[in-house]
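Working notes for the structure below.
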């Protein structure tokens with residue numbers, strides 16, 4: 013416990029409470045979506061019932077890449093990004109860098125979506141990156157990620173909002189840590205059943221104690237990612253590079269070698285991928301490939317690889333685009349390995365929880381949900397202490413609407429995606445967005461029309477449970493991919509998510525019956541009766 017004066021404690025309690033009251037619900041939305049987005053790639057894979065074909069980049073791609081390069085403007089050879097999305101489709105984006113209407117650097121070029129089976133072109137789109145139509149097969153993953161990263165607000169406003177909410181979480185976590193009177197004892201706290209207020213406070217303290225360090229880490233790294241590009245880069249450009257953001261990016265990321273525009277044939281990717289797969293380099297197939305100055309003497313290829321047993325970081329490796337010569341590991345920042353580059357990489361590791369594969373992701377999901385629980389119980393504690401004031405009872409009702417409604421809306425957005433992807437793929441974007449609004453509307457209808465709090469919460473739990481149970485069923489009906497087929501095609505992650513949704517849905521429906529609450533109340537009443545018998 014940190015000893016504070018009475019006045020200091022009172023001020024800190026006010027800061028802790030009012031920060032949550034003013035921005036707590038928005039913070040809850042960001043943290044809940046972030047917890048789910050930890051599994052964004054797996055959810056994207058689930059939404060299309062698994063990969064059509066994995067590791068396409070390890071196959072024969074050179075002939076197709078050469079054909080595509082000849083069909084685009086030469087200026088778009090400045091950089092080519094190639095990756096496979098969660099549905100297994102190969103995406104190649106030939107582009108250059110230009111300033112948009114706001115004077116900010118962006119990418120302009122031609123994007124191809126290729127079928128992983130035969131590399132045939134499914135779609136071709138030209139224009140600014142932000143204006144290109146969505147890639148339908150990966151839209152659910154993109155929708156959920158954008159909801160977390162920028163709340164679907166336009167840039168840079170969305171990043172400012174989530175950055176501010178990250179700082180609010182940091183304030184709440186640090187102030188909560190300072191205010192804890194019995195930090196160690198609270199780890200083993202058993203919530204009291206004597207009154208509803210004490211029970212809520214004990215549950216809030218218990219969950220907060222277990223997740224307090226995670227909340228601090230999550231808040232700091234989240235604020236860093238939100239402000240680094242939206243605010244940090246422009247400030248650095250103004251103060252150190254006379255406002256030249258392009259030059260700032262080149263220096264920070266690593267200034268390219270001296271340019272040589274002499275035409276030279278591109279060596280291709282197949283030999284480079286074979287080299288990078290060897291144990292003395294990456295030992296794996298890249299998840300992303302960047303080609304700079306394709307068809308020139310200064311062409312360079314950079315491959316990006318996921319963390320493995322030997323490292324917790326994503327790694328980049330550079331090759332000559334003319335000879336295929338291995339040029340060494342490419343740091344995230346600058347041209348040489350540095351502590352700063354490792355710290356930036358560590359931010360991603362700590363924020364996304366990818367350092368130990370699926371296990372660390374499950375831990376990050378659990379701790380994220382615990383942080384959501386702390387946020388909601390904190391707001392409940394505030395409103396229960398002010399039960400005689402109408403305005404705070406309205407906040408209590410809104411807390412339930414947002415608390416359940418955000419999860420329900422995410423589920424209905426997934427339902428909208430599933431209903432459209434197989435039969436009406438052109439409408440995937442609108443169906444997903446409309447599905448989210450349907451879930452939001454149903455949540456507000458329940459919250460505003462049902463006056464009794466217990467019945468209202470049971471209705472929320474029923475709707476949440478039914479939406480969770482409906483997702484695996486709808487996925488099967490729209491894809492006709494059963495569990496045995498999925499497992500035989502190495503798509504066990506889809507089966508795992510199906511089972512997780514079914515279990516979660518069943519728990520929600522069980523909660524909606526009030527059985528667990530009745531059991532707890534019965535046990536409490538029994539203890540009271542036994543005490544009275546002993547005393548007589």
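In the numbering used here, the protein residues as written are 13 to 548. Yeah, the Cβ is synthetic: ideal placement off N, Cα and C, and Gly gets one too.
Report the three-state DSSP secondary structure of residue 182 (helix, strand or coil). helix
Which term fits residue 182, buried or exposed, when burial requires 16 or more other beta carbons within 10 angstroms of its beta carbon? buried
Residues sharing a beta bridge with residue 16, DSSP: Paired residue(s): none; residue 16 is not in a bridge.
Can you find the residues in the same chain that come closer than 8 Å, C-beta to C-beta, to residue 331, ignoring five residues on each side of it along the sequence? 284, 287, 288, 312, 313, 314, 315, 337, 338 and 339
Is the distance from the Cβ of residue 609 to the Cβ of residue 282 below 8 Å? Any property of residue 609 remains undetermined from this structure, which presents the chain solely from 13 to 548.
When you compare the stretch 394-412 with the stretch 425-435, are there three or more beta-carbon pairs, one atom per stretch, that lie closer than 8 Å? no
Please go through the stretch 350-428 and give each complete alpha helix (DSSP H) segment of 4 or more residues, from N-terminal end onward. 351-364 and 369-396
In chain order, what residues of the same chain lie with their CB nearer than 8 Å to the CB of residue 514, ignoring the 5 residues before and after it? 480, 481 and 484
Extent of the continuous alpha helix (DSSP H) to which residue 287 belongs: 282-288
Beta-carbon proximity check, residue 451 vs residue 469, cutoff 8 Å: no
For residue 178, which of 459, 159, 306 and 39 has the nearest alpha-carbon? 39
Does the stretch 48-66 come close enough to the stretch 359-376 to have 3 or more Cβ pairs within less than 8 Å? yes
Between the C-alpha atoms of residue 293 and residue 505, what's the straight-line distance to the nearest angstrom? 28 Å
Assign residue 105 to one of three DSSP states: helix, strand, or coil. strand
Residue from 45, 131 and 135 whose Cα sits closest to the Cα of residue 437: 135
Near residue 545, what residues of its chain come up, given a Cβ to Cβ distance below 7 Å and the 5 sequence neighbours on each side ignored? Unreliable positioning characterises residue 545 in this predicted model, as indicated by a pLDDT of 39, which lies under 50. The coordinate reading is nonetheless provided below. Around residue 545: no qualifying Cβ.
Just confirm the distance between the C-beta atoms of residue 90 and residue 107, as a whole number of angstroms; I'd bet it's less than 8 Å. 7 Å
So residue 184 and residue 28 are in contact, right, with Cβ under 8 Å, and what is the actual spacing, rounded? 6 Å
Is any heavy atom in the ligand SAM found nearer than 7 Å to the beta carbon of residue 435? The ligand SAM is absent from the structure shown, which contains no ligands of any kind.
With a floor of 3 residues, list each beta strand (DSSP E) that falls wholly inside the stretch 117-195, ordered by position along the chain. 117-126 and 133-140
By alpha-carbon positions, which one of 118, 214, 472 and 227 ends up nearest to residue 517? 472
Leaving out five residues before and five after residue 542 in sequence, what residues of the same chain have Cβ atoms less than 8 Å from its Cβ? Since pLDDT at residue 542 reaches only 44, below the 50 mark, its modelled position is unreliable, and no value is offered.
Out of 494, 280, 22 and 156, which one is the CA nearest neighbour of residue 46? 156
Rounded to whole angstroms, how far is the Cβ of residue 174 from the Cβ of residue 234, which I believe are closer than 8 Å? 7 Å
Please report the residue range of the beta strand (DSSP E) in which residue 314 lies. 312-317
If you count every other CB in all the chains shown that lies within 10 Å of the CB of residue 298, and 16 or more means buried, which is it? buried
Going by other Cβ atoms of all chains shown within 10 Å of its Cβ, with 16 needed for buried, is residue 464 buried or exposed? exposed
Given that a residue counts as buried once 16 or more other Cβ atoms are within 10 Å of its Cβ, and exposed if not, what is residue 319? buried
Backbone secondary structure at residue 211 - three-state DSSP: helix
Can you give me the Cβ contacts of residue 327 inside the same chain, cut-off strictly under 7 Å, excluding the 5 residues immediately before and after it? 294, 317 and 341
Could you have a look at residue 536 and say whether DSSP puts it in helix, strand or coil? With a pLDDT of 49 at residue 536, under the threshold of 50, the modelled position of this residue cannot be trusted; read the value that follows with caution. Helix at residue 536.
Going by C-alpha distance, which of 32, 103 and 20 is nearest residue 302? 103
For the putative contact between residue 418 and residue 391, defined by C-beta atoms under 8 Å, what is the C-beta separation to the nearest angstrom? At roughly 14 Å, the Cβ-Cβ gap does not stay under 8 Å, so residue 418 and residue 391 are not in contact.
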